[in-house]
Structures are given as structure tokens and as C-alpha cells.
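A.B. asks:
Residue numbers (this note's numbering): -9 to 940.
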């Protein structure tokens, strides 16, 4: 019924979405969401309606959330996008209309009866009476009820206004309620809540349901200030986490009043023993409300290390000590433990600035002193707290010191007093105010030469575990899929997907943190040569301590052949894992079950502001673009008019190669004209190679985007060249100078820690004359913090280094020949090409070490088709397990290449910035080089949040 009530509103909203988007002669609204007269006439002609009906339907669309007003811009609401598939969205939309019934059908302007507001306030009672009556009611009965309720309201108002200069007689005169009753009943009938006729009114099933929901809400709210009186202690505390202290105390009192004191105290202490530090603190706040009856139980937990600091503070305050002085009862060790526990609560539930401010509350006068004592207390969340603090703190020197401490705690390094030559002491000596992070200079920390290499056993490599795993509260997780491996054409072949706790046979398990409230993942399926029988994207809730539900995706076989199905998982806009299955479709063959496939999920960490653009190619040559953020947009199909885009891209690259060559000083090139030409190329690419719907979605998200990851078909568009520009929107230049833009290939692991313990360079004979200068300069930039891994000239040596699991930075400074046959580097003992990485790729030789590969050579990011996949330096290194890859899209100038690499390493290693930010700052550092486009030539593959590990 809700769909039928809102059918007209949906029709007009969809018309507006199609007709009023940019490029369709958009009409101008009045800035408040109303349609102009011209637009109303336009809609009436297109839809075959009278203008008044268009206006009425448009009002309903706005009130039900089918369209939204943002400033003076109208856009489709999320309910319109999911209208056909989500019944709950339909009901919520109608409920919003029901709540606004008096706006949807306003009181007639010629009705001079006063008291309209009073009737609106009285109607909930009338509706409740109709609901409880269970059938039709005479309208004169409703009038009597309305009279009584309005009289009560007026009495209350008169008592409130006594002594004020108000005309009370005018209020008393407003008693002509018959027309107001009739208007209210017509308005509620207009929105589908009731029916009227023959002097009787009856709630519709939809109206009865709505009133029941309202009464249920009132009943729950009446139980306690926030409605948590019947919840367990843990759930009640979790519900109070967002309340102000006074409101939370009122909730504690209501909860305590509903149960015996003894059992309430036991429940609260049980919640305090859990893993959530925030609940621990709140539990003792609730015990303060209990007061003296809780003293014996609180005193009994003094021997529990986790609860002792909280219990000591509680007892001190109970004994009359001023709360501001109560902390003096704690030993220094207990105070430090409490500082870490509070920091853990902030890490789990607060924001980064709050964690930085928490640093100032520590007792210790310097960061090194704090870190020494934090290491000594042995809190189980120490590593996670220090990693979060390092990521949040704006000072790169302090952040690096904290990150080093986290790494040492993870490895179990002994705690010792730091002498004057200690790296942390040296770091602190350069800090004007070490607790707030104001610095005058920074010092790179020396590497830990004794750091063990990661094994290939269970768990992620040390380079990743050192930042993301403290061994407590983490669960191994697997992305699991089941699909038949053989079936005839025309057979339905369901795909089942689940997230398990990693009990699959023979799987290499990894670990990730999972908050108590769980995480919601988006699962997408790409099956280009199978028929989809439903939606190919669904959400899956992951909860601690249990496997997820099983999702079912309906597929049907069609064309014979071997087909690939790819399953991916996203958390917000962050990619977290994928796996691939294959199915053989052949006539006259029986269906045969396939093996259970699994892929480890290394981390579910969600990077706020990260947006992923997934680009997939269908069997018909059309491309699917899907923008994934905290809002999940539907895929947009898009067919390039030129067909295969690679020829057009090659023409662009050829022009940029010539531009780079003529941009050298002294050539007389017009720098401004070169920049203008480059900008025009970027604008044209944005306008013609990105679907309009994706452009709109991008602008809707633009203010909140902190990085953009492109996943999928990289030969469609040179993404780094895009210059977003529309009629009403223009960003801060090229996309890659505005935001960190990174790429991801199929089969690439998500890596958040890059191993940079040492640096090896590849400089074969015949490399550019500047190659040796590049190596010297980069070694100076990397400093003593990164060991010298040597320089290599032979293919055999480089291959052996990679296949043995090289740990560190591998930097190529050489020529790369790229043709339609692929890439090739001339080494001293023969050509080196991506096929030479096949063994490393299939064996995952680099997955334990997660190195960074920087291929500073011409067209090193180029790819060619190779049977069922793409072949190039980037996909081969990344599938072998490299943590990140940096290469170039077109031939670049050697001097500009050195400047980019130097700036990139400076920001990534010396300043401690993440991969995305380091690449962004490196581009900005060299963008004004005489019109040279080299700064846009670099393609960066990896996670934008990945950081250099110690």
C-alpha cells in the first residue's frame, strides 16, 4: 500500500532525476526545492498530468525523502535509488510522509479558523483512539475527543502564559473545530493513513501499523530516559556511550531501579572485565551512582590488574577524597596502565584529535619517558594504542618514535632505561614540546638490524603485524566462496559467499581487528559471461566470535567456455580482499561441484574518506563503473564510442612524450601553453571517458574524499590525467594533484605496512647517464635508517633476489623498452621482462616481505594482454606479493624522474607519510617544471594508507 500511495511521487522524482540532470537544460529551482513554473509545465507535458498534480506529487517526493535538497541543488534521495528492491526503505519513506501529514495537505488558506496548531497537536490522541477501536468510528465522536484534547492544551497554555501580555480571550474564542477536524481527516486520508465516508473514519492497515509503531516507540521511551532499562549491563552501557554525563547518570539510575542492587553490581563488574575499555570506564561511573552498597564488591576486585586502577579511584572518591585529587592514590605504574586503557577506549570509539589530546594528560614529562613506562606495564592493547597514536599525531618525528616503540613491543624487546645515545632520546632532544608535538628538526631512526624475517606460517608478515596486531582481540578471517566447477548451458548455478573465522583446511590465515559492534562489508560479484538472476552486490555483517551468514548470488550459465567469477569485499570505500572461481560451461555435461575457495582477509581497517572506483569490462565490450564509499552506488554501464580505448591512449601518451622532450630549459617552449594543453586533455578525458552518473556521484562525495583507489581495467583511462570539471563544479586541478590517486590490480593483496629496512638498486649497463646520480641522491635521502642492499646489473641476480623474498625497497633506474610485445629491460646477461617474474608470482615469493618496487623507467606501468590476464611489471610484482609499485605511463625526463623519486622517498620515509600522501606531495613538488607533464606520468599501485615499516 505504501508503494501505491507514493507511486505518483516516485514517478515525478524519477522524471526529475532523468530530465533535470546537467546537460538536459536544467531548470532553476527557487533554492528551497520547489520546481519552477517552467519545470512544472515541462513535467506535466512529459508525464501527461496537470500541473497541479505534478506539484502535489513533487511535494510528496520531498517529504518522503525521494528527493533531497542540498543548498540550492536537488538530487535523488537514497530511497529512490533502492525503491524497487528495499521494502523497508519504502515504509520509512511513507512514515516520513505520515509524520508530515499537515504539510502534505496544508490547511486551506481561506479557512479563517484559528487553532490549527492545536488540532495538529491533538491528532495523535485521535489516531490512538482509532487504532484501539479496531474499526470505524463516527466523526462526531472524534469531534468530542478533539474538543476535550484541545481544551486540555489551551488550559496548559493559559497557565503557562499567566502574567504575560497575551490576549487570552482570543485563545478562548478559537473553538470552531468542525472544519479543522474535517481538514485533519482529509489530510490523513491524503497520505493514506485513513479513509472517511458516511460520517465515519477508519484507519487503513498502513495507518494502523504506523500508529502501532508510534505507540511502541512511546512505550519503549517511557521505560527509562533512553529506553535501555531492560537491556543487559553491557548493552545499557553501550547505549549510554554517546550520552552527556547527566543524561547517562539518569539512565544508570533508571536501570538500577529495575533490578536488585547485588545483581546489578555483579553485572556491571562483569561488563568491566570485558575487552572494551570504554565500557570499563562507564561501568565504574554507573557504580558511582550505586554508592555505598557497591563498596564490598568494588573492594573485592582490587587484586584484578585490569580493574584495580578504576577500583582504587572509586574507593578514594567514596571515602571523601576530592575527585581531582583521587589520582594520587595510584602508583605511577597503575596511572600509566590507566592511561593506556583510556587511550584504548579513545582508539576504539573516539577520533584522532582526541587521541592526540590524550597524550597531554600523561604523567610523564617527555615522550621517551612515557613510552618506556607504557612498555613496562604490559597492557594488552599497547601496540594498537601506539600505532593509532603514531598515525594520528601530526609531527612525523614523534610519530616515527612512537611507531618504533610499537614495533619493539610487538617483538618483545626488553624494556630498559634509555641513555643519552638512545634513538628515542635523540628524537626527543629535537622537540620543543614533545608532548604536543612542536618540533624544530627531526632525526631518522636507525634500523633494527636484528629484526627477524617473517615466516610463511600463520599470520601476516612482521612488516604488517608490527603495526596492526597486538595478539589480543584479533581473529583470523577468510573470504569463502562455493561454486560448481562444471555445468551445461542454461543451468542455474548459485554462488555462496561467507566470511568465516578461518577454520578452512590448508589456508594461510591472517588476522584483523574487529570492533565489538562488528563490521558491515559490501560483497560484489563480477561474472561477465554468466547471467545474473539478481543483485550482484549484497551486504554482510561480521560479528566477533562467529562466522557470518551465507550470501547467495543467483547465476545462470549461458555461452560455453571457461568463465571466471570474481568476488570482492569492501569496507566502506576500502578494498579488503578478493578471490576468483572458474566454471567450465559445456553442453551435454553434468553439473559438478567445485572445491571451497578461500582467501585471507588481512585487515578490516576502514580508512574514512577512501573511495574506490571499480571498473570492470563485460563480454560485450561495455565497461561498468561503480563508485564505492560509505555510500554504495549502483554500477553504471558505459560503452566507449571509440571501442578499444588503447589506440586513443597511445596517441595521448605520444603527445605527452613530445611535450616532456620540449619542456627542457632553453628550448623556448611556451610553459603556459603547455599547461593549458595538458589541462584541456584532462578535461576532455573527464567529459568523455567517465559516465555522467559517476561524475555526479563523485561531486556528491568530493568534500569527504581523502583518497581515490581505481580497481580494475587500467587500460580504459589514464586516471592520473583526469581534470574534473562540470558546469557548476571544479576541483583543485588535476585529480592526481588534488587527491592521492592509487591503482589496484586483480589479485593484489591489501598491504598497510611496506618493508623498507634496506634499499637495493637495479642499474644495468646502458642505463641513462643520470642513473648513477639518481642512486647516489636517493641513498642520501633515505639516510642511515635504510640499509644499503647493493646495486645489481645482471638479470640472474635480480631474479634470485626476488625469488628469495627480497625484504626492502627495490629501485630500478634504467631504460625500459615498451612495445606491443610488452616491456623489456636490457641487463648485462640478457633481457629481463615480466615473464621472468612468473615463478615469483605463482609462488608468492614477496608476500612475506611486502617490499616497495619503484620502477623509474619509461612506460614501466604499461601492460599488454596475455591470454586471460594482463602482463606488465606492475601486475606481476603485485601478484608476487609486493606491497606497492610505482611506475610511469609514458616516457619521462630523467631529471624530472630523479626529482619525483627524491621527493617521494622524502615524504614516505623521512616524514613518515602514507603512500597516497607521499605520491601526492611528490607530484606537487615537480609540477612546475617548464610545462613538463612528468609529474602526472607516475602510476602508484597499493593501499593509499600504507606506511613505511621500521
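The C-beta atom is built at its ideal place from N, Cα and C for all residues, glycine as well.
None of these values were measured; they are calculated from a predicted model.
Looking only at its own chain, which residues have a Cβ that is under 6 Å from the Cβ of residue 647, when we skip the five neighbours before and after it?
C.D. replies: To locate residue 647, count along the chain shown from 1; it is residue 657. Answer for residue 647: 880, 881, listed in chain order.
A.B. asks: Could you please give the first and the last residue of the uninterrupted alpha helix (DSSP H) stretch that includes residue 661?
C.D. replies: Counted from its first residue, the chain shown places residue 661 at position 671. Start and end: 661 to 679.
A.B. asks: Which class does residue 194 belong to by DSSP, given the choice of helix, strand or coil?
C.D. replies: By one-based count along the chain shown, residue 194 stands at place 204. Coil, per DSSP.
A.B. asks: Can you confirm whether the stretch 747 to 763 touches the stretch 797 to 810 when touching is taken to mean that 3 or more C-beta pairs between the two stretches lie within less than 8 Å?
C.D. replies: Note that the stretch 797 to 810 touches the stretch 747 to 763; at least 3 beta-carbon pairs, one per stretch, sit closer than 8 Å.
A.B. asks: Quick check on this structure: which residue in 5, 87, 122 has the alpha carbon closest to the alpha carbon of residue 65?
C.D. replies: The residue given as residue 65 occupies position 75 in the chain shown. For the residues 5, 87, 122, the minimum Cα distance to residue 65 belongs to 5.
A.B. asks: Return helix, strand or coil for residue 280, following the three-state DSSP convention.
C.D. replies: Position 290 of the chain shown, counted from the first residue, corresponds to residue 280. Correct three-state label for residue 280: helix.
A.B. asks: Would you mind sorting residue 383 into buried or exposed? The rule is 16 or more other CB atoms within 10 Å of its CB.
C.D. replies: Counted from its first residue, the chain shown places residue 383 at position 393. With 16 or more other Cβ atoms within 10 Å, it is buried.
A.B. asks: Within the stretch 857 to 930, note down every full alpha helix (DSSP H) run reaching 4 residues or more, in order along the chain.
C.D. replies: 863 to 870, 884 to 895, 905 to 916, 924 to 927
A.B. asks: Express the C-alpha separation of residue 10 and residue 51 in angstroms, rounding to a whole number.
C.D. replies: The count along the chain shown starts at 1 and reaches residue 51 at position 61. The count along the chain shown starts at 1 and reaches residue 10 at position 20. About 15 Å.
A.B. asks: Determine the closest residue to residue 229 out of 257, 255, 192, 272, with distance taken between C-alpha atoms.
C.D. replies: Here residue 229 corresponds to residue number 239 of the chain shown, with the count starting at 1. The residue with the shortest Cα to Cα distance from residue 229 is 272.
A.B. asks: Measure from the alpha carbon of residue 621 to the alpha carbon of each residue in 139, 312, 512, then state which is nearest.
C.D. replies: The sequence position of residue 621 within the chain shown is 631, counting from 1. The residue with the shortest Cα to Cα distance from residue 621 is 512.
A.B. asks: When the Cα atoms are used, what is the spatial distance from residue 843 to residue 321?
C.D. replies: Taking the first residue of the chain shown as position 1, residue 843 is located at position 853. Taking the first residue of the chain shown as position 1, residue 321 is located at position 331. Residue 843 and residue 321: Cα-Cα distance of roughly 49 Å.
A.B. asks: If you follow the beta strand (DSSP E) that residue 821 is in, where does it begin and where does it stop?
C.D. replies: Position 831 of the chain shown holds residue 821. Segment 820 to 822, the beta strand (DSSP E) holding residue 821.
A.B. asks: Please check the pair residue 167 and residue 127, which I expect to be a contact at CB under 8 Å, by giving their CB distance rounded to whole angstroms.
C.D. replies: Along the chain shown, read from residue 1 onward, the residue named residue 167 stands at position 177. Along the chain shown, read from residue 1 onward, the residue named residue 127 stands at position 137. In fact, because the Cβ distance is near 16 Å, the residues do not count as touching under 8 Å.
A.B. asks: Determine, using beta carbons only, whether residue 468 and residue 559 come nearer to each other than 8 Å.
C.D. replies: On the chain shown, residue 468 is found 478 positions in, with the first residue counted as 1. On the chain shown, residue 559 is found 569 positions in, with the first residue counted as 1. For residue 468 and residue 559, no; Cβs fall outside 8 Å.
A.B. asks: Near residue 8, what residues of its chain come up, given a Cβ to Cβ distance below 6 Å and the 5 sequence neighbours on each side ignored?
C.D. replies: Here the question's residue 8 lines up with position 18 in the chain shown. Here the set comprises nothing.
A.B. asks: Please state if the CB of residue 522 and the CB of residue 941 are separated by a distance shorter than 8 Å.
C.D. replies: Given that the chain is displayed from residue -9 to residue 940, the structure contains no residue 941 and the question cannot be resolved.
A.B. asks: Rounded to whole angstroms, what's the CA-CA distance from residue 741 to residue 26? Just pull it up for me.
C.D. replies: Here residue 741 refers to the residue found at position 751 of the chain shown. Here residue 26 refers to the residue found at position 36 of the chain shown. Computed Cα separation, rounded: 52 Å.
A.B. asks: Could you tell me which whole alpha helix (DSSP H) segments of length 4 or greater appear in the stretch 231 to 309?
C.D. replies: 235 to 247, 251 to 262, 267 to 280, 285 to 290, 298 to 308
A.B. asks: What are the uninterrupted segments assigned as alpha helix (DSSP H) that are 4 or more residues long and contained completely in the stretch 753 to 821, given in chain order?
C.D. replies: 761 to 772, 785 to 793
A.B. asks: Buried or exposed: residue 892, going by 16 or more other Cβ atoms within 10 Å of its Cβ?
C.D. replies: Here the question's residue 892 lines up with position 902 in the chain shown. Looking at its Cβ environment, which holds 16 or more other Cβ atoms inside 10 Å, residue 892 is buried.
A.B. asks: Indicate whether the contact test is met: 3 or more Cβ pairs, each with one atom in the stretch 476 to 495 and one in the stretch 569 to 582, closer than 8 Å.
C.D. replies: yes
A.B. asks: Could you tell me which residues DSSP puts in a beta bridge with residue 615?
C.D. replies: Walking along the chain shown from the start, residue 615 turns up at place 625. Answer is 605, 626.
A.B. asks: Is it buried or exposed, residue 886, if we count other Cβ atoms within 10 angstroms and call 16 or more buried?
C.D. replies: By 1-based counting over the chain shown, the position of residue 886 is 896. Buried, since its Cβ has 16 or more Cβ neighbours within 10 Å.
A.B. asks: What whole-angstrom Cβ distance do residue 269 and residue 227 have, given they're in contact under 8 Å?
C.D. replies: If you number the chain shown from 1, residue 269 lands on position 279. If you number the chain shown from 1, residue 227 lands on position 237. At roughly 5 Å, the Cβ-Cβ gap stays under 8 Å, so residue 269 and residue 227 are in contact.
A.B. asks: Between residue 765 and the rest of its own chain, which residues show a CB-CB distance below 7 Å, the 5 nearest in sequence each way excluded?
C.D. replies: For the purposes of this step, residue 765 is taken as residue 775 along the chain shown, with counting starting at 1. Listed in chain order, the non-local C-beta contacts of residue 765 below 7 Å within the same chain comprise 751, 753, 781, 803, local neighbours out to five positions each way being set aside.
A.B. asks: How far does the beta strand (DSSP E) with residue 685 in it extend, from its first residue to its last?
C.D. replies: If you number the chain shown from 1, residue 685 lands on position 695. Unbroken run through residue 685 is the alpha helix (DSSP H), 682 to 691; no beta strand (DSSP E).
A.B. asks: Which residue comes first and which comes last in the beta strand (DSSP E) that contains residue 489?
C.D. replies: For the purposes of this step, residue 489 is taken as the residue at position 499 of the chain shown. Here the beta strand (DSSP E) through residue 489 covers 485 to 490.
A.B. asks: What three-state label does DSSP hand residue 567 in the structure shown?
C.D. replies: Numbered from its first residue, the chain shown carries residue 567 at position 577. Here residue 567 sits in strand by DSSP.
A.B. asks: Using only the alpha-carbon positions, how far apart do residue 303 and residue 280 sit?
C.D. replies: Walking along the chain shown from the start, residue 303 turns up at place 313. Walking along the chain shown from the start, residue 280 turns up at place 290. When only Cα atoms are considered, residue 303 and residue 280 end up about 15 Å apart.
A.B. asks: Using the Cα positions of residue 933 and residue 240, report the straight-line distance between them to the nearest angstrom.
C.D. replies: For this step, residue 933 is matched to residue 943 along the chain shown. For this step, residue 240 is matched to residue 250 along the chain shown. C-alpha separation (whole angstroms): 45 Å.
A.B. asks: Have a look at residue 637 and residue 527 and give me their C-alpha separation to the nearest angstrom.
C.D. replies: Start at 1 with the first residue of the chain shown, and residue 637 comes out as number 647. Start at 1 with the first residue of the chain shown, and residue 527 comes out as number 537. Residue 637 and residue 527: Cα-Cα distance of roughly 33 Å.
A.B. asks: Throw me the rounded Cβ distance for the residue 727 and residue 914 pair, which I believe falls under 8 Å.
C.D. replies: In the chain shown, residue 727 corresponds to position 737, counting from 1. In the chain shown, residue 914 corresponds to position 924, counting from 1. At roughly 6 Å, the Cβ-Cβ gap stays under 8 Å, so residue 727 and residue 914 are in contact.
A.B. asks: Let's test the definition: count the other Cβ atoms within 10 Å of the Cβ of residue 369 and tell me whether it reaches 16, buried, or not, exposed.
C.D. replies: As a position in the chain shown, residue 369 is number 379, starting the count at 1. With 16 or more Cβ atoms within 10 Å of its Cβ, residue 369 is classed as buried.
A.B. asks: Could you tell me whether the Cβ atoms of residue 254 and residue 219 are closer together than 8 Å?
C.D. replies: Residue mapping note: residue 254 aligns to position 264 of the chain shown, counting from 1. Residue mapping note: residue 219 aligns to position 229 of the chain shown, counting from 1. With contacts defined as CB atoms closer than 8 Å, residue 254 and residue 219 fail to qualify as a contacting pair.
A.B. asks: May I ask you to list the residues that DSSP assigns as paired with residue 551?
C.D. replies: Indexing the chain shown from 1 puts residue 551 at position 561. In the DSSP output, where bridge partners are listed per residue, residue 551 has 575.
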